[in-house]
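So for the sequence shown, full-length UniProt numbering puts the first residue at 5; every next one is plus one. Here's the structure, in structure tokens; my notes come after.
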Amino acid sequence: PTQAEQLVLPSRSSTGKVAILTLNRPKALNALSSPLFAQLNQELEKADSDDEVRAIVVTGGEKVFAAGADIKEMKDKEFSEVYKADFLGDWSNITKIRKPIIGAVAGYALGGGCELALMTDILICTPNATFSQPEITLGIIPGGGGTQRLAGLIGKARAMDLVLTGRRISGTEAAQWGIASRVVEEGESVVEAAVKVGETIAGFGRIAVQAGKEAVNAGLELPLEQGLKAERRLFQQLFATQDQKEGMAAFAEKRKAAWTDK
Ligand code: CAA
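Written as structure tokens, this is what we have:
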């Protein structure tokens, strides 16, 4: 795409190990149009298959992460059209990415913006970020996973409160509720904090990192007994890797592990 059409800007951390994807549609407050989401999916897949990349940061601007799905694009859509095209179905592609995705949220994360943030693996935000599911004010409900992920994450009462009233919560509250795992200090860069987390992850063996993400995600979908079994199998399988041998030998020999990702 030309510069004008580049709705997602890809860049790298100084080490090259963390891919940074910046939503770039400032005039529409990063409204998540279909072309924007298609580009986001493309960039995520590129980063996932690039051997140099170990973690992915998804971020927006300083005042807006994303103000939701594109209301102007949706306004005149008909049921037959959205149903046949499985509108928003491609948003779930993010869940197929194997590398850790770190969400860095400053400012508004509304509607689909909040849902995109919920799809990241580790969410970091500023204290005054604003999370909300305002779809009810538009005569619809969240369609990017909000009702499902929020209920699992913060429980029924709080999920209902957000979904049925459209109330806004701050980044500080989002962290207290368990939506975000870290809040940066006021004035601190949320992207830098997210990249730091990505670099920490980049310092570990890739197979174990992928297995850790897979195990946590399995548990979100499976009954406990099956989730525990999935975890144990992955844990046991790691004993077939060189990295397990290396990691434990390095501990015993009091030296830093040299991971080979094998
Ligand atoms: N879709 C399309 N355009 C949007 C947009 C959206 N979600 N949010 C903002 N914009 C556009 C505005 O229309 C405006 O465009 P123009 O300059 O052409 O008029 C521009 O961005 C700036 O917006 P505002 O003038 O409204 O800026 P503000 O600072 O006064 O308000 C705001 C900011 C509170 C975020 C406000 O823009 C807002 O409420 N946006 C909509 C939020 C929303 O309802 N999101 C949910 C969408 S539905 C959804 O996401 C469904 C789903 O589950 C996937």
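Glycine included, every Cβ here is placed at the ideal spot set by N, Cα and C. It should be emphasised that the depicted structure is a prediction, and the values quoted were computed from it without experimental measurement.
Less than 7 Å between C-beta atoms, sequence neighbours within five positions excluded: which residues of the same chain meet that for Ala212?
Within the sequence shown, the letter at position 208 stands for residue 212. Within the same chain, Ala212 has close Cβ partners Leu242 and Asp247.
Using 6 Å as the cut-off, classify the Cβ of Leu33 as near or not near the heavy atoms of the ligand CAA, replying yes or no.
Reading the sequence shown from its first residue, position 29 is the one you call residue 33. Yes, the beta carbon of Leu33 sits closer than 6 Å to at least one heavy atom of the ligand CAA.
Could you give the first and the last residue of the continuous beta strand (DSSP E) run that contains Arg16?
By 1-based counting over the sequence shown, the position of residue 16 is 12. Segment Val12 to Arg16, the beta strand (DSSP E) holding Arg16.
What's the call for Gly191, buried or exposed, on a 16-neighbour Cβ count within 10 Å?
Against the sequence shown, residue 191 aligns to sequence position 187. With fewer than 16 other Cβ atoms within 10 Å, it is exposed.
What residue from Ile140, Thr130 and Gly149 has the CA that sits closest to Cys118's CA?
If you number the sequence shown from 1, residue 118 lands on position 114. Of Ile140, Thr130 and Gly149, the residue nearest in Cα terms is Gly149.
Of the residues Gly147, Ile173, Arg259 and Thr130, which one's Cα is nearest the Cα of Gly65?
As a working mapping, residue 65 is identified with position 61 in the sequence shown. Of Gly147, Ile173, Arg259 and Thr130, the residue nearest in Cα terms is Thr130.
Under three-state DSSP, which class holds Ser136?
Counted from its first residue, the sequence shown places residue 136 at position 132. In the structure shown, Ser136 sits in a strand (DSSP, three-state: E or B).
Enumerate, from N- to C-terminal direction, the unbroken beta strand (DSSP E) stretches of 3 or more residues contained entirely within the stretch 79–157.
You should have 105–109, 112–114, 126–129 and 134–136.
Which of the three DSSP states, helix, strand or coil, is assigned to Val167?
As a working mapping, residue 167 is identified with position 163 in the sequence shown. Reduced to three states, the DSSP call for Val167 is helix.
Can we say the stretch 43–55 touches the stretch 77–90, given the rule of at least three CB pairs closer than 8 Å?
No: the two stretches stay apart, fewer than three of their Cβ pairs being nearer than 8 Å.
Roughly how far, in whole angstroms, is the beta-carbon of Thr47 from the beta-carbon of Val22, given that I think they are within contact range, below 8 Å?
The sequence position of residue 47 within the sequence shown is 43, counting from 1. The sequence position of residue 22 within the sequence shown is 18, counting from 1. Just to set this straight, residue 47 is Glu in the shown sequence, not Thr. The Cβ separation is near 13 Å, so there is no contact.
Quick check on DSSP: helix, strand or coil for Ile60?
In the sequence shown, residue 60 corresponds to position 56, counting from 1. Here Ile60 sits in strand by DSSP.
Report back the beta-carbon spacing between Gly209 and Asp265 to the nearest angstrom; my notes put them in contact at under 8 Å.
Indexing the sequence shown from 1 puts residue 209 at position 205. Indexing the sequence shown from 1 puts residue 265 at position 261. With 8 Å as the limit, Gly209 and Asp265 qualify as a contact, their Cβ atoms being about 6 Å apart.
Assuming Phe69 is part of the beta strand (DSSP E), what are its boundary residues?
In the sequence shown, residue 69 corresponds to position 65, counting from 1. Here the beta strand (DSSP E) through Phe69 covers Val68 to Ala70.
How many angstroms separate the CA atom of Ala42 from the CA atom of Ser96?
Counting from one through the sequence shown, the residue named residue 42 turns up at place 38. Counting from one through the sequence shown, the residue named residue 96 turns up at place 92. Between Ala42 and Ser96, the C-alpha separation is close to 11 Å.
Output the boundary residues of the alpha helix (DSSP H) element that contains Ile254.
For the purposes of this step, residue 254 is taken as the residue at position 250 of the sequence shown. The amino acid occupying residue 254 in the given sequence is Ala; Ile does not appear at that position. Note, Ala254: alpha helix (DSSP H), Gln246 to Ala256.
Hey, which unbroken runs of the beta strand (DSSP E) at 3 residues or more fall wholly within the stretch 31–57?
Correct list: empty.
Under the rule that 16 or more other beta-carbon atoms within 10 Å means buried, what is Thr169, buried or exposed?
Along the sequence shown, read from residue 1 onward, the residue named residue 169 stands at position 165. Flag for Thr169 reads exposed.
Give me whichever residues DSSP pairs with Val213 in a beta bridge.
As a working mapping, residue 213 is identified with position 209 in the sequence shown. Answer is none; Val213 lacks a bridge partner.
Compute the distance between the beta-carbons of Ser37 and Glu77, then report whether it is under 7 Å.
Position 33 of the sequence shown holds residue 37. Position 73 of the sequence shown holds residue 77. Yes, the pair counts as a contact, with Cβ atoms nearer than the cut-off.
Of the residues Phe135, Thr26, Ala73 and Leu157, which one's Cα is nearest the Cα of Ile105?
The residue given as residue 105 occupies position 101 in the sequence shown. Residue Thr26 is the option with its Cα nearest to Ile105.
Give me the Cα-Cα distance between Gly251 and Lys260, rounded to the nearest whole angstrom.
To locate residue 251, count along the sequence shown from 1; it is residue 247. To locate residue 260, count along the sequence shown from 1; it is residue 256. Whole-angstrom Cα-Cα distance: 8 Å.
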